[in-house]
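Since the structure comes first, as C-alpha cells, the remarks are kept for the end.
In full-length UniProt numbering, the protein residues as written are 1 to 275.
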C-alpha cells in the first residue's frame with residue numbers, strides 16, 4: 001500500500017472526437033448463425049441469444065424460430081422479444097457518468113439515464129457495459145458490440161476496476177491492509193488491490209478490484225463500521241477518465257478498442273479494411 005498527495009489531473013490534449021467504428025462486412029447473401037447475428041446486432045451475448053431462441057422469442061422473416069443452429073442473412077428480418085435487429089457498425093463510447101444518473105437505457109420513473117448523457121450521439125443503439133450505482137460517478141463504457149460487452153462483464157475474465165473512495169470515518173492503515181488480505185462478506189471473501197491512501201485527506205483512498213459483485217466497495221467499507229460518502233470509478237480495463245469531464249463522453253480510440261478485445265480473448269478489429 002502506498003500514499004499519495006492530492007489529486008492528479010494533468011492537462012492533456014483534447015481527445016479525438018471522431019468515432020472509431022467498424023462495419024460488419026457481411027454481404028446481403030452471406031449466411032450467419034442466428035445467435036451471432038443477434039449478438040452482433042448489440043442485443044445480447046451469443047449464449048443469451050440461444051436462450052431467447054429456445055424460448056421462442058425470436059422471429060426470422062415473420063416465423064418463430066427455436067432451432068439453435070439456424071442461419072440467417074443480413075437482409076433477413078430478425079425480431080427478438082419484439083425488437084427489430086440489424087447489423088449496424090460497432091461503436092464504442094467512454095462516458096464520465098454523473099451522480100444521480102441511472103445506468104440503464106430507459107427508466108420508468110423518468111429519471112436521468114446514461115443514455116440522456118450521451119444524447120444518442122452515435123446514431124446507433126448502444127448499451128452500458130455493466131452498471132454503476134445511481135450515486136456512483138465515473139467511467140462507464142457503452143457499445144453495441146455484444147460479444148465484447150458480455151466478456152467484459154463475465155467474472156472469468158477478471159477485468160480490473162479502480163475506484164476513488166471517500167468514507168465518513170477515516171480508515172486506518174491496518175484496515176486498508178486488511179482489504180489486501182481479504183474481508184469476509186455475506187457472499188464470500190472480497191479483496192482489494194493496489195490500495196493508495198491520500199496523505200492529505202485521510203477520508204480518501206483508491207483501490208482496485210477484479211470482481212463485479214453488487215455494491216462491493218460499499219460493503220467492504222461497511223465491514224470496518226463506516227460508510228462510503230463518495231465513490232468514483234477512475235479506471236476500467238486500462239481505460240481512464242483523462243480529459244473527460246463529468247457528464248461528458250468520448251469515442252474510444254481504435255487501439256483502445258482492440259486492447260479491450262485482446263483482454264477478453266476476442267479477435268482484434270480491422271479498421272482499415274473498408275479504406
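Even glycine gets a Cβ: it sits at the ideal position worked out from N, Cα and C.
Keep in mind that this is a model prediction, so the values were computed, not measured.
Reduced DSSP category for residue i - H, G, I as helix; E, B as strand; rest coil
i, result
"residue 114", "helix"
"residue 207", "strand"
"residue 51", "helix"
"residue 84", "strand"
"residue 11", "Per-residue confidence for residue 11 stands at a pLDDT of 35, beneath the threshold of 50, marking its modelled position as unreliable; no derived number is given."
"residue 144", "coil"
"residue 224", "coil"
"residue 178", "helix"
"residue 342", "This structure cannot speak to residue 342, because the chain is shown only from 1 to 275."
"residue 73", "strand"
"residue 261", "helix"
"residue 127", "strand"
"residue 151", "helix"
"residue 239", "strand"
"residue 28", "coil"
"residue 37", "helix"
"residue 248", "coil"
"residue 16", "Low confidence applies here, because residue 16 scores a pLDDT of 46, under 50, leaving its location unreliable and the question unanswered by this model."
Best match in the options for proximity to residue i [C-alpha to C-alpha]
i, options, result
"residue 170", "143, 265, 39, 226", "226"
"residue 122", "103, 30, 142", "142"
"residue 188", "29, 220, 65", "220"
"residue 75", "53, 163, 81, 30", "30"
"residue 72", "37, 97, 79, 47", "37"
"residue 240", "256, 231, 230", "256"
"residue 63", "263, 180, 77", "77"
"residue 222", "259, 234, 232, 183", "183"
"residue 215", "117, 135, 264", "135"
"residue 186", "254, 99, 213", "213"
"residue 262", "130, 237, 33", "237"
"residue 231", "254, 50, 139", "139"
"residue 210", "202, 203, 235", "235"
"residue 99", "114, 92, 28, 80", "114"
"residue 132", "153, 203, 124", "153"
Exposure of residue i, with buried meaning 16 or more beta-carbon neighbours within 10 Å
i, result
"residue 246", "exposed"
"residue 193", "exposed"
"residue 145", "buried"
"residue 161", "buried"
"residue 206", "buried"
"residue 69", "exposed"
"residue 109", "exposed"
"residue 35", "buried"
"residue 83", "exposed"
"residue 49", "buried"
"residue 111", "exposed"
Opposing strand residues paired with residue i [DSSP bridges]
i, result
"residue 189", "184"
"residue 170", "Residue 170 is not bridged to any residue."
"residue 232", "137, 164"
"residue 96", "139"
"residue 278", "Residue 278 falls outside the range modelled here, since the chain spans only 1 to 275, and no answer is possible."
"residue 271", "Residue 271 pairs with nothing; no bridge assigned."
Proximity test, residue i beta-carbon vs the ligand ZN heavy atom, cut-off 6 Å
i, result
"residue 29", "Although the ligand ZN was asked about, the structure shown includes no ligands whatsoever."
Could you check whether the stretch 76-89 touches the stretch 105-115, counting it as contact only if at least three pairs of C-beta atoms, one from each stretch, sit closer than 8 Å? no
Touching by the beta-carbon criterion (3+ pairs, under 8 Å), the stretch 160-177 and the stretch 226-246: yes
Three or more C-beta pairs below 8 Å linking the stretch 194-204 and the stretch 246-266: no
Does the stretch 35-45 come within contact of the stretch 145-161, defined as at least 3 CB pairs closer than 8 Å? yes
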